[in-house]
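I have placed the structure first, in the form of structure tokens, so that the comments after it can refer back to it.
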DNA sequence: ACTATTTGATTAACATGTTAAATAAAACCA
DNA sequence: TGGTTTTATTTAACATGTTAATCAAATAGT
């Protein structure tokens, strides 16, 4: 009998079976559900960002700096949810595009302090209204209450 | 007056201000909240997967094949939430590791049909109980009801 | 049958993700 | 003070993400 190409399970019930030894079905897997939701949401924003020659990571970095002002690299990486090596590479390209400015921390020579330029503020001013519009469309079709509930649960799962 | 390094906003209220032209504060931004939640959850699984020389994408591909049986590349990429070019590269490495087998679709010469090997089933049998344990710990600390609510909302936002 | 179009998969090029190692400056401490 | 440890950042190496281009096979339309 050939088992090599048979599915592990035959149905799609939402919980693991009694023996507990098979993988959680992907339909109700939290990591996959989070990824799918993220992809679905970002798909609505990406084309708009692309128009402005921005990817999502760059947009996160720029807007975090816009909100917080000057930050050191570690703090920025933390808040923008990018890894330090990624940020190092992004800094080079954003500096070339004159969207950020760098300076050394005089109190702590290890730290690089990063801030955005007026050009980046201009970019934020252009992107923000479009972003907000997309967000509001999403809120309208998803529901404001569900959006709030979802954000609360997402915040809670981070703390769990 | 220096404005180049001043924050765009001084507070962290959860909604955009009346003029509506500034970026949604990252705290209550759905894309960022989804990313943060995903990072937080995956951080619990990654070390376990690393023990088995698996990254999350490979684990998604293997378990999808384990559940569904043989799939063509497009269907697999779709279900495992990886892009086609990524899957192409992953296939090479997974084939080298003898975790998957490939064959041409005889009805449609364009399609590559992919299935997992017994070795991959063995791997799934090793990883699944550990994965389930981590998942149950998360459920315990997050709450089963909230988990269900969150999964429902994530499913809903994909459809929105 | 023949061409044009569509589709499945791969390749290319560049960006970020991920882990480990290297580097330099700061903090610690005997 | 001098040596060790910690911390901030960068580099390296390899994997995946992303978009566009390419290629081959199937389909559609004439």
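Residue numbers (my numbering), protein chains in the order written: chain A, 1 to 160; chain B, 1001 to 1160.
Cβ coordinates follow ideal geometry from the N, Cα and C atoms, glycine included.
Q. Does DSSP put residue 1071/B in a helix, in a strand, or in coil?
A. The answer is strand: DSSP assigns residue 1071/B an E or B state.
Q. Using the beta-carbon of each residue, which ones in chain A are nearer than 9 angstroms to residue 1033/B?
A. Result: 150, 151, 154, 155, 158.
(Q) According to DSSP, residue 1102/B sits in a beta bridge with which residue or residues? (A) DSSP lists 1114/B as the beta-bridge partner residues of residue 1102/B.
Q) When Cβ atoms are compared, which residues of the region 80–95 of chain A fall closer than 7 angstroms to chain B? A) Flagged, chain order: 81.
Q. What residue from 1095/B, 1131/B, 1104/B, 1110/B has the CA that sits closest to residue 1119/B's CA?
A. Between residue 1119/B and the set 1095/B, 1131/B, 1104/B, 1110/B, the nearest pair of CA atoms involves 1095/B.
**Q.** Which of helix, strand or coil DSSP assigns to residue 1053/B
**A.** Residue 1053/B falls in the coil class under three-state DSSP.
Q | Residue nearest to residue 1133/B in terms of C-alpha spacing, selected from 1044/B, 1037/B, 1039/B | A | Of 1044/B, 1037/B, 1039/B, the residue nearest in Cα terms is 1044/B.
**Q.** Alpha carbon of residue 1092/B to alpha carbon of residue 1086/B, nearest angstrom
**A.** Within the model, the alpha-carbon separation for residue 1092/B versus residue 1086/B is close to 10 angstroms.
Q) From the beta carbon of residue 21/A, is the nearest beta carbon of chain B less than 8 angstroms away? A) Any reading at residue 21/A must be qualified, since the residue scores a pLDDT of 43, below 50, and its modelled position is unreliable; the value itself is stated next. Output row for residue 21/A: interface = yes.
Q | chain B within 8 angstroms of residue 48/A, Cβ atoms only | A | Contacts with chain B at 8 angstroms (Cβ-Cβ) do not include residue 48/A.
Q | Distance, residue 1115/B Cα to residue 60/A Cα | A | Going from the Cα of residue 60/A to the Cα of residue 1115/B covers about 38 angstroms.
Q: State yes or no: is the C-beta of residue 34/A within less than 8 angstroms of the C-beta of residue 1030/B?
A: Going by C-beta atoms, residue 34/A is not nearer than 8 angstroms to residue 1030/B.
Q. If you count every other CB in all the chains shown that lies within 10 Å of the CB of residue 1028/B, and 16 or more means buried, which is it?
A. Buried is the call here.
**Q.** Same chain, Cβ closer than 8 angstroms to residue 1083/B, neighbours up to 5 away in sequence not counted
**A.** Only 1077 meet the Cβ criterion.
Q | Under 7 angstroms from the C-beta of residue 1111/B: neighbouring residues of chain A | A | The contacting residues do not exist; residue 1111/B stays about 15 angstroms from chain A at best.
Q.
Taking a contact to mean a Cβ-Cβ separation below 8 angstroms, would you say residue 1026/B touches residue 64/A in this structure?
A. Result yes, Cβ atoms of residue 1026/B and residue 64/A sit closer than 8 angstroms.
Q) Is residue 73/A close to chain B, meaning its C-beta is less than 8 angstroms from at least one C-beta of that chain? A) With respect to chain B, the C-beta atom of residue 73/A has no partner C-beta closer than 8 angstroms.
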